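Below is one structure, written out as structure tokens, with a few remarks after it.
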Amino acid sequence: MYKYLNIVYAGFVLLFSIMIFSYPTNVFNACKFGLVFWYNSIIPSLFPFMVITSLILESKLILTIVHTIFSGIMQALFRISGVGAIPVILGMFCGYPIGAKLTSDLYDKKAISLIEAEKLVSFCNNCGPIFIISVVCMQLLGDIAYAPFIIIVQILSALSVGVIFRNYKKNVTENTELTHPTSTNTPKKSISMILNDSIVTSAYNTINIGSFIIFYSVVLEIFMLSGIMNAVNILFLPIESFLHIGPILSGKLAPGLIELSTGVNNIANNSGSIPQKILLINIIINWGGFSVHSQTNNIIQKSNISFKPYIIGKLLQSVFSIIYTILLSLF
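Numbering-wise, my numbering puts 108 at position 36 of the sequence shown, and it's gapless, one number per residue.
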């Protein structure tokens, strides 16, 4: 089996390389689009929050306060310790992939168990409101008034997934010895060292995210040039028909499921109706795209957190986004 996978992998890499050399101008433009998008939108909306969240995790006082305040509600809704509220809240308000990064960091610090970490990654990794407000609504849709609706749908969808996963591995007993947020066993670091580590780590992660965005922008362009995207679009026609997506926006969902920013941009710049645009955008934002999934997997696999709960959670969240978009549109 492994031998055949290697053959498939080698064939894919060979075809991918041929396509890159066959369409250098298109690949260049795709790289440029990904790079410009990362520079103009991702760095301003993500880097400062990555630094702040890293600093928060180094503060035992903040961790203790959060653990104390949210312990009751986190246990009641998700069966997760109170400190798990940090990736849930900041993951909602700071953007991809901060929720996953915070979960990974908390697990590495032994502040949460592996089961709690896998529960958290199923619903705490989300698109940030700054990106939704400034990029999706103001720049692309041209109206900030759509932002509250999109944000509320995402929050409700994510929390619904969290509730579903509350019984995940309920009967499994872990032997991991957890460290309380107030523990003094961890090595002490100076404020300047903490700040330096936070900035350097955040810069590395931001560059890493940019690399994934650029790569998947190229992948999507090659899929479109090679006709692969047309075949993929056919697979999604039943879903688009079920959602009553008109012919103008037909074929716009699948690209967004691969790369979020490109997909949202394609939908927003189309002449379809606003309600249909928002429905498709909500699906894409809550799904995240394979670019985001690759970023997330790169983060959590270093901590041996399973990717399976995450990807199942994103599938469920995209389904919930359809339900909540339709329900909230009735009011």
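All C-beta atoms, glycine included, are put in the ideal place defined by N, C-alpha and C.
Every value quoted in this text rests on a predicted model; they were computed, and no experiment measured them.
Beta carbon of residue i nearer than 8 Å to that of residue j
i      : j      : result
Thr334 : Leu307 : no
Ile170 : Phe121 : yes
Gly200 : Gly167 : yes
Thr278 : Leu162 : no
Leu325 : Leu297 : no
Gly386 : Gly344 : Reading off the sequence shown, one finds Lys at residue 386, where the question assumed Gly. Their beta carbons are not under 8 Å apart, which means Lys386 does not touch Gly344 by this criterion.
Gln389 : Val233 : yes
Glu331 : Tyr382 : no
Ile222 : Asn354 : yes
Ser185 : Ile384 : no
Leu14  : Ile266 : The structure shown does not extend to residue 14, since the chain spans only 73 to 403, so no value can be given for it.
Ser375 : Tyr240 : no
Phe88  : Ile294 : yes
Pro377 : Ser176 : The question names Pro, but residue 377 in the sequence shown is Ile. Contact flag set, yes.
Leu192 : Val244 : no
Ile357 : Lys173 : no
Ser274 : Val85  : no
Rounded straight-line distance, which links the Cα of residue j to that of residue i
i      : j      : result
Cys209 : Ile350 : 10 Å
Val391 : Thr136 : 35 Å
Val235 : Leu149 : 6 Å
Asn98  : Gln348 : 29 Å
Ala219 : Val336 : 14 Å
Cys196 : Leu213 : 26 Å
Ile79  : Asn342 : 40 Å
Pro96  : Ile317 : 34 Å
Ala230 : Asn369 : 18 Å
Glu29  : Lys242 : This structure cannot settle anything about residue 29, because the visible part of the chain is limited to 73 through 403.
Leu309 : Asn198 : 26 Å
Asn305 : Pro327 : 8 Å
Thr256 : Ile187 : Its pLDDT being 45, under 50, Thr256 is placed unreliably by the model, and nothing is read from it.
Ser113 : Val207 : 7 Å
Ser401 : Lys181 : 42 Å
Ser283 : Ile271 : 18 Å
Leu107 : Ile286 : 6 Å
Val290 : Ala102 : 5 Å
Glu130 : Ile92  : 44 Å
Ser264 : Leu315 : 53 Å
Gly323 : Glu312 : 8 Å
Phe100 : Tyr111 : 16 Å
Asn302 : Met146 : 44 Å
Pro319 : Phe165 : 34 Å
Delimiting residues of the alpha helix (DSSP H) encompassing residue i
i      : result
Gln389 : 380-401
Cys269 : First, the residue type needs correcting, since residue 269 is Asp and not Cys in the sequence shown. Residues 263-298.
Tyr179 : 170-180
Ser143 : 132-150
Ala219 : 219-236
Leu129 : 115-129
Pro159 : 157-166
Leu107 : 96-109
Val193 : 186-193
Next item on the list: Check whether the segment 136-152 touches the segment 355-367, taking contact to mean three or more Cβ pairs, one atom from each stretch, closer than 8 Å.
Entry: no
Next item on the list: Counting only runs of 4+ residues fully inside the segment 322-385, write out the alpha helix (DSSP H) ranges in chain order.
Entry: DSSP runs (the alpha helix (DSSP H)) wholly in the segment 322-385: 325-330, 332-340, 346-359, 361-372.
Checklist line | Contact between the segment 220-232 and the segment 385-401 (3+ Cβ pairs under 8 Å) | finding: yes
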